[in-house]
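Colleague: First residue of the sequence shown: 14, per the working numbering; consecutive thereafter.
Even for Gly, the Cβ is constructed at its ideal location relative to N, Cα and C.
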Amino acid sequence: MIRTLRADFGGLLAAGVVVLAAVVSGCGGGVSGPGDLVDEAALDDSLTAILTLDGQRFVDNFQLPDDGDWASIPQDPKNPVTAAKVALGRVLFHDPSLSTRPRHPERTGTFSCATCHHARAGFQAGRIQAIGEGGSGWGTRGEARLADPAFPVDDVDVQPVRSPSVLHVAYQQAMMWDGRMGAKGPNAPTSGRWIPGTLEGINLLGYEGVESQAIAALTEHRSDDMTRWPIASHAAYQALWDAAYPGEPISLEKTGLAIAAYERTLVANRAPFQRWLRGETGAMTIQEKQGAILFFGKAKCEECHSGPALNSMAFYAIGMPDMPISESVRPLPPSRGRGGFNGAEQDEFKYKVPQLYNLSDSPFYGHGGSFRTIREVVEYYNDGIPAVPLPSGRLEPRFKPLHLTADEVSALTAFLEHALRDPDLLRYQPTSLPAGGCVPANDAQARADLGC
C-alpha cells in the first residue's frame, strides 16, 4: 500500500482491520505503551492514509531522490547539475587550500566550507558556534574545535547564529536563517537591498539561494584569491575543471556554481523514513511510526515542515533564544531575523523553517543553538510558550500548546531523532584531495586530531 496513490483507510477499517492498540491519528488518539499489542500493518496503513490525505496525494511527495538521480533534484536553470560539476564541487567544498586570503597569512590553507558544514555533523558544525579561520583542533566531529588562544579573538571567523545544515539546500530558494541569499522566491521583492559590494549584492547575478550563497561565501570567508588556488597548478584539479567547464577560465563565479551543484546533491535518502516511503515497512520501529503519524497529524508539524526535505520557505517568530553570550567566541550583535535583512518591522525575529534530517548528528537546535536535545525542542513546541518575549502581534499564531502526552512526545522525538537520520552521509565526503591536506580542517591541531 505504501507506494500507491490512494490508501482507502476507511475501506480497510470497514473490511475488519483491527488495531490492537491505540494508534495515533490526525484526529487524536494515543501511542502504545510497554506491553501493549500493536498491529503494525494497521499502523503502516494509518501512516499511509495520513500521508496521502486518504488518497488525495502521493506518498512520493515526501520522497527524496536516489543517489545520482540528479534530474529529480530541484535545480537553478542558470546552473544545471552535471556529473562533472558535482565531482569538481565535491573536492572544492572540502578543500582547505582554497582559503587563500585569511586575515592572518599563517592561516592560509587551514579551513574549508566543510569546516563549518561537514558530513559527520549532518553538514552542520559539530559545536554550537562554527569556527572557520582562527579555529584550532577537531575532535571526532568538530566538537573539539576551539578558538585558538594565540589568534586575535576579534579576527576569529564566527557568526551570531548557528551554521545551518547544507543538507537539502536544493529545496531552498533562499539561504541563511534570515533568507537573504538568492534572487528568486521570497527574495524577489527585496532587490532594493542588493547593494553591490555587500554579501547580498551577489543576488544581482540572478541565481537562486544555493548558488548565490556559494559564490558569496568564497569572498565572505576570504577564500577568493584565485592566483593562489591549487586549481591551476595541480593536474588532477585541471582535469576536473576542464571536464566541468571545458575551455573556460577559472573564475570565482564558476567555482561557486560547482560547489552549489555539489551541495544540491546532498540528500538523506537512506534515512529509515525514506526507506519506509520506498516500501521497506520494517525500516522504522513501531514508536517511530507512531511519531510519524503524530508529526503529520495531531502535532501539526507538517503545516510548516513539508515536502521531501520537511522544510519550507516561510519565516516565523516563535520566541526561540539567540545564541547564549557565554557560548560565543566573542560578543556579537544579536540577530533580528528576516527583518534584519528586509527592514520590515513585522518580520523581525522571524526565522526560516529548517529542514529536519540528521538533526541528531549535532546537538544544537534553533537559530541560536540554545536547545541541546531534540526532546527539548519537541517539549518547547508542546508547551507553546515563547522563551523570549516578542513585540505584540509578532508571535506566530499557530505556536500554542499541542497537548501531547509524555508518550506522544517520546514517539515524536523518536521519529525526528532516528527515523530522519541517514547513517551514511560520509558517502558525500571525498577520502582525499587533489592538493593534499586534511578534510575538513587543516590547522596543526586538526591534522593531529584527524590523523592526516
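Whole angstroms are fine: how far does the CA of HIS318 sit from the CA of ALA448?
Modeller: Those two C-alpha atoms are separated by around 40 angstroms.
Colleague: Applying the criterion that 16 or more other CB atoms from any shown protein chain within 10 Å of the CB defines a buried residue, is GLN69 buried or exposed?
Modeller: Classification for GLN69: exposed.
Colleague: Taking 8 angstroms as the cut-off, decide whether the C-beta atoms of LEU111 and ALA271 are in contact.
Modeller: Result no, Cβ atoms of LEU111 and ALA271 do not sit closer than 8 angstroms.
Colleague: Is it buried or exposed for LYS413, if we count other Cβ within 10 angstroms and need 16 for buried?
Modeller: Classification for LYS413: exposed.
Colleague: Using 8 angstroms as the threshold, is the C-beta distance between SER125 and PRO115 below it?
Modeller: No, Cβ-Cβ distance for SER125 and PRO115 is not below 8 angstroms.
Colleague: DSSP on GLN185, reduced to helix/strand/coil?
Modeller: Residue state, collapsed to three classes: coil.
Colleague: On the three-pair Cβ rule with 8 angstroms, is the segment 337 to 356 touching the segment 193 to 209?
Modeller: Yes, the segment 337 to 356 is in contact with the segment 193 to 209.
Colleague: Suppose contacts are defined by Cβ-Cβ distances below 8 angstroms. Is PHE428 in contact with LEU403 by that definition?
Modeller: No, the pair does not count as a contact, with Cβ atoms beyond the cut-off.
Colleague: Would you call HIS416 buried or exposed, if buried means 16 or more other Cβ atoms sit within 10 Å of its Cβ?
Modeller: Its Cβ having fewer than 16 others within 10 Å, HIS416 is exposed.
Colleague: CA-CA distance, SER339 and ALA157?
Modeller: The alpha-carbon atoms of SER339 and ALA157 are separated by roughly 17 angstroms.
Colleague: Looking at C-alpha atoms only, which residue of GLU409, GLY269, ALA322 is the closest neighbour of LYS98?
Modeller: Among GLU409, GLY269, ALA322, the Cα nearest to that of LYS98 is on GLY269.
Colleague: Do the segment 285 to 295 and the segment 70 to 78 make contact, defined as three or more Cβ pairs closer than 8 angstroms?
Modeller: Segments in contact, yes.
Colleague: My assumption, with CB atoms under 8 angstroms, is that SER348 sits in contact with ASP335. Please give the rounded CB distance.
Modeller: With 8 angstroms as the limit, SER348 and ASP335 qualify as a contact, their Cβ atoms being about 6 angstroms apart.
Colleague: Please state the DSSP three-state secondary structure of PHE286.
Modeller: PHE286: helix per DSSP, three-state reduction.
Colleague: Evaluate the contact criterion for the segment 370 to 382 versus the segment 172 to 191: three or more CB pairs, one atom per stretch, below 8 angstroms.
Modeller: Verdict: yes, contact present.
Colleague: Tell whether a beta-carbon distance below 8 angstroms holds between ASP89 and VAL223.
Modeller: Yes.
Colleague: What's the call for THR153, buried or exposed, on a 16-neighbour Cβ count within 10 Å?
Modeller: Exposed is the call here.
Colleague: Tell me, please, which residues DSSP counts as bridged to ASN324.
Modeller: Answer by DSSP bridge pairing, in chain order: SER319.
Colleague: Taking C-beta to C-beta, are ALA160 and VAL342 nearer than 8 angstroms?
Modeller: Their beta carbons are under 8 angstroms apart, which means ALA160 touches VAL342 by this criterion.
Colleague: If you draw a straight line from the C-alpha of VAL37 to the C-alpha of GLY81, how long is it?
Modeller: For VAL37, the predicted model reports a pLDDT of 41, less than 50, meaning its position is unreliable; a value from the coordinates is still stated below. Roughly 36 angstroms separates the two Cα atoms.
Colleague: Within 10 angstroms of its Cβ, does LEU439 collect 16 or more other Cβ (buried), or is it exposed?
Modeller: Its Cβ having fewer than 16 others within 10 Å, LEU439 is exposed.
Colleague: Would you decide whether ARG10 is buried or exposed? Buried here means 16 or more other CB atoms lie within 10 Å of its CB.
Modeller: Nothing about residue 10 can be reported from this structure: the residues present for the chain run from 14 to 465 only.
Colleague: Whole angstroms is fine: what's the gap from PHE95's alpha carbon to LEU101's?
Modeller: Sequence inspection shows Thr at residue 95; the Phe mentioned does not correspond to that position. Their Cα atoms are separated by approximately 10 angstroms.
Colleague: From which residue to which residue does the alpha helix (DSSP H) around GLN458 run?
Modeller: That run of the alpha helix (DSSP H) goes 457 to 463.
Colleague: Rounded to the nearest angstrom, what separates PRO436 and GLN251 at their Cα positions?
Modeller: If I take the Cα positions, the gap works out to 33 angstroms.
Colleague: List in chain order: all unbroken alpha helix (DSSP H) runs of 4+ residues lying wholly within the segment 318 to 374.
Modeller: Listed in chain order, the complete alpha helix (DSSP H) runs (minimum 4 residues) inside the segment 318 to 374 are 351 to 355.
Colleague: When we look at the beta-carbon of GLU119 and count the other beta-carbons within 10 Å, is it buried (16 or more) or exposed?
Modeller: Flag for GLU119 reads exposed.
Colleague: Taking only three categories from DSSP, how would you classify LEU159?
Modeller: Of the three classes helix, strand and coil, the one that applies to LEU159 here is strand, per DSSP.
Colleague: Can you grab the Cα-Cα spacing for the pair VAL366 / ALA248, in whole Å?
Modeller: Taking the straight line joining both Cα atoms gives about 42 angstroms.
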